[in-house]
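> Here my numbering = 1-based position in the sequence shown + 656.
Note that beta-carbon positions come from the ideal geometry of N, C-alpha and C, so glycine has one too.
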Amino acid sequence: MEISINKTTGSYSQKYTQNYAKQQSFKGYDARPLKAVVMTICDAKGKSFDIIKQMSEIGQKEGFRVYFTNQTNKLYANLDCIKNFFKIGTFSFSKWAQDNAVLTPDNRVFQNWNYLESSFAKRIASVTKAKISDCERSIEGGNLFFVKNGDKNELFIGADELITRIPEFLQKSYGVSKVIPIPQADFHLDLFIRPLNDKKVLVADDRLTIKELKHAVKSIDKYKSGNPCTIEELKTLGNVQKRLLGVLKTFERDVKNLKNPQADDVAKVLTNNGYTPIFVPGRIFYSVRNKNKDDLVHGLNYMNSVVHQKPDGSLVFITNKSDYNNICGITGDISQKIDFDFEKMLIKSLKPYIKEQNIYFVEGKNNRIAEILQDEGGGIHCLCNEIPAGIGR
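As structure tokens, then:
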């Protein structure tokens, strides 16, 4: 699906080029120390190399390795070597590294059935000396999270997965003590929740996003009434306010008409199973009407993230830089005046749990990640096959 955004109003237009439901599929863990992530993105646009470069720089700073693999029998960590693949335009695996193989907490790798003859599962297995297994009934990774409950591993899955699967089968297959179906608020779990540690789970609450947008609009009025402004400054602030209102109006409409389960439905299930839901303004989407449940196309999605636990127990949160500050004309100067931009919106909501300096917004060259999110339905979590530390030791 190709998505374009009206840069004046923030509204979307759309053109179908492929089945949206087949574009997204990736797996994840709750917040654990990461040993490494493995990436495969190597498309024709060299801008994507900078996504790997940024992840590598974050990994070097925060204490995990970043590997790249192509259709070879090797993993690469050296950025100069990786960049060569982009120069020659080598064909690669699908960019959705989370989709191609699933590493379980008991150190097994489930191969996606499309990759039974590929070397990708072997590359993942080589990092932890894992055993490779075929699993015809494996769950698409984005609809799955391994979460810690004391010394046990439990499994969050999208509730739709139980239409054709038995929980006991999943427990045995994935080596978990319990299977917890989460209301299918979006196509996959990692588009609307993100487990942290200590049984805390971030949940995208669209009401909070709307509240933040309304507050931003009012902040512009407050600033103009309380500060002397030049004609040019008033014009600039007026344009920003108009664009924010366009985003707000479009998003309010889609949230109001959304047929999918809501944040409260998700939170109820989490609470009943002993987890603590934390509501955050985590996404802005456009609804694509479907028969029973809407498909959502995201212009902003902070939930689709990689989370790493440092040795001191603090968390590192790596997510996607959106294009909305640019769309709405919010510069650093304007952000300071109205105390709002879209990244600040997330940073403030995570303040009790994650330090600001530990929150990263990956973008790539010319904000390539925003293109991938809007046009192809995935973000940084989709691009990184997470390998927790301790597995395989």
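1. Looking only at its chain, what residues have a beta carbon closer than 8 Å to the beta carbon of residue 787, apart from the 5 residues adjacent to it on each side?
2. Helix or strand or just coil, what does DSSP make of residue 958?
3. How about the region 941–956 and the region 873–883: do they share at least three Cβ pairs that are nearer than 8 Å?
4. In chain order, what are the residue ranges of uninterrupted alpha helix (DSSP H) at least 4 long that sit wholly in the region 1006–1038?
5. Please classify residue 969: is it buried, with 16 or more other beta-carbons within 10 angstroms of its beta-carbon, or exposed?
6. Can you look up residue 664 in the DSSP assignment and give me helix, strand or coil?
7. For residue 760 versus residue 830, is the C-beta distance shorter than 7 Å?
8. Can you give me the start and stop residues for the beta strand (DSSP E) that residue 694 sits inside?
9. Using three-state DSSP, classify residue 1055 as helix, strand or coil.
10. Here's the rule: buried if 16 or more other CB atoms are within 10 angstroms of the residue's CB, otherwise exposed. What is residue 776?
11. Can the beta-carbon of residue 724 be found closer than 7 Å to that of residue 708?
12. Can you tell me which residues form a DSSP beta bridge with residue 896?
13. What are the boundary residues of the alpha helix (DSSP H) that residue 926 is part of?
14. Do residue 845 and residue 836 have their C-beta atoms within less than 7 Å of each other?
15. Here's a check: name, in chain order, each residue in its chain whose Cβ is nearer than 6 Å to the Cβ of residue 871, leaving out the five neighbours to either side.
16. Which word fits residue 696, buried or exposed, when buried means at least 16 other C-beta atoms lie within 10 angstroms of its C-beta?
17. I need the straight-line Cα distance from residue 997 to residue 738, nearest angstrom please.
18. Taking the runs of the alpha helix (DSSP H) that are 4 residues or longer, which of them lie wholly in the region 756–814?
19. Using a Cβ-based criterion (distance less than 6 Å to any ligand heavy atom), does residue 800 qualify as near the ligand COA?
20. Would you report the Cα separation of residue 812 and residue 858, rounded to the nearest angstrom?
21. Does the Cβ-Cβ distance between residue 689 and residue 1013 come in under 7 Å?
22. Counting pairs of beta carbons, one from the region 908–917 and one from the region 941–948, are three or more of them closer than 8 Å?
23. Let me check understanding here. Comparing Cα to Cα, which of 1035, 757, 1021 and 716 lies closest to residue 790?
24. What residue does the alpha helix (DSSP H) around residue 934 start on, and which one ends it?
25. Among 900, 815 and 816, whose alpha-carbon lies nearest the alpha-carbon of residue 984?
26. Might you give, ordered along the chain, the residues of its own chain that have their beta carbon closer than 7 Å to the beta carbon of residue 896, omitting 5 neighbours on each side?
27. Go ahead and label residue 824 buried or exposed: buried means 16 or more other beta carbons lie within 10 angstroms of its beta carbon, across all protein chains shown.
28. By Cβ distance below 6 Å, which residues in the same chain neighbour residue 1047 in space, the five residues on each side in sequence not counted?
So, to answer that:
1. Excluding the 5 residues flanking it on each side, residue 787 has same chain C-beta neighbours closer than 8 Å at 763, 764, 765 and 781, in chain order.
2. Residue 958 carries a coil assignment under DSSP once its states are collapsed to helix, strand and coil.
3. Not touching, per the Cβ criterion.
4. Here the runs fully enclosed are 1024–1027.
5. The C-beta of residue 969 has fewer than 16 other C-beta atoms within 10 Å across all chains shown, which makes the residue exposed.
6. Note that residue 664 has pLDDT 39, beneath the 50 cutoff, so the model's placement of it is unreliable and the number below is only indicative. Assigned with DSSP and collapsed to three states, residue 664 falls in coil, not helix or strand.
7. Against a cut-off of 7 Å, the Cβ pair of residue 830 and residue 760 comes out as a contact.
8. According to the DSSP assignment, residue 694 belongs to the beta strand (DSSP E) that extends over 690–695.
9. Any question about residue 1055 goes unanswered here, given that the chain covers just 657 to 1049.
10. Looking at its Cβ environment, which holds 16 or more other Cβ atoms inside 10 Å, residue 776 is buried.
11. It is a contact, given that the beta carbons lie within the stated cut-off.
12. In the DSSP output, where bridge partners are listed per residue, residue 896 has none listed.
13. Annotation for residue 926: the continuous alpha helix (DSSP H) segment containing it runs 919–928.
14. Contact flag unset, no.
15. Apart from sequence neighbours up to five positions away, no residue of its chain approaches residue 871 with a beta-carbon distance below 6 Å.
16. Classification of residue 696: buried, given that the 10 Å Cβ count is 16 or more.
17. Distance between the alpha carbons of residue 997 and residue 738: 34 Å.
18. Annotation note: the region 756–814 contains the following uninterrupted alpha helix (DSSP H) runs of length 4 or greater, listed N- to C-terminal: 776–784.
19. By its list of ligands, the structure shown contains no ligand whatsoever, and the ligand COA lies outside what it can speak to.
20. Going by the C-alpha atoms only, they are around 13 Å apart.
21. Contact flag unset, no.
22. Yes, the region 908–917 touches the region 941–948.
23. Proximity to residue 790 across 1035, 757, 1021 and 716 peaks at 757, based on C-alpha coordinates.
24. Residue 934: not part of any alpha helix (DSSP H); member of the beta strand (DSSP E) spanning 932–936, first to last residue.
25. Checking every option, the nearest Cα to that of residue 984 belongs to 900.
26. Contacts found: 876, 984, 985, 986 and 990.
27. Around the Cβ of residue 824, a 10 Å sphere holds fewer than 16 other Cβ atoms; the residue is exposed.
28. Around residue 1047: 763 and 784.
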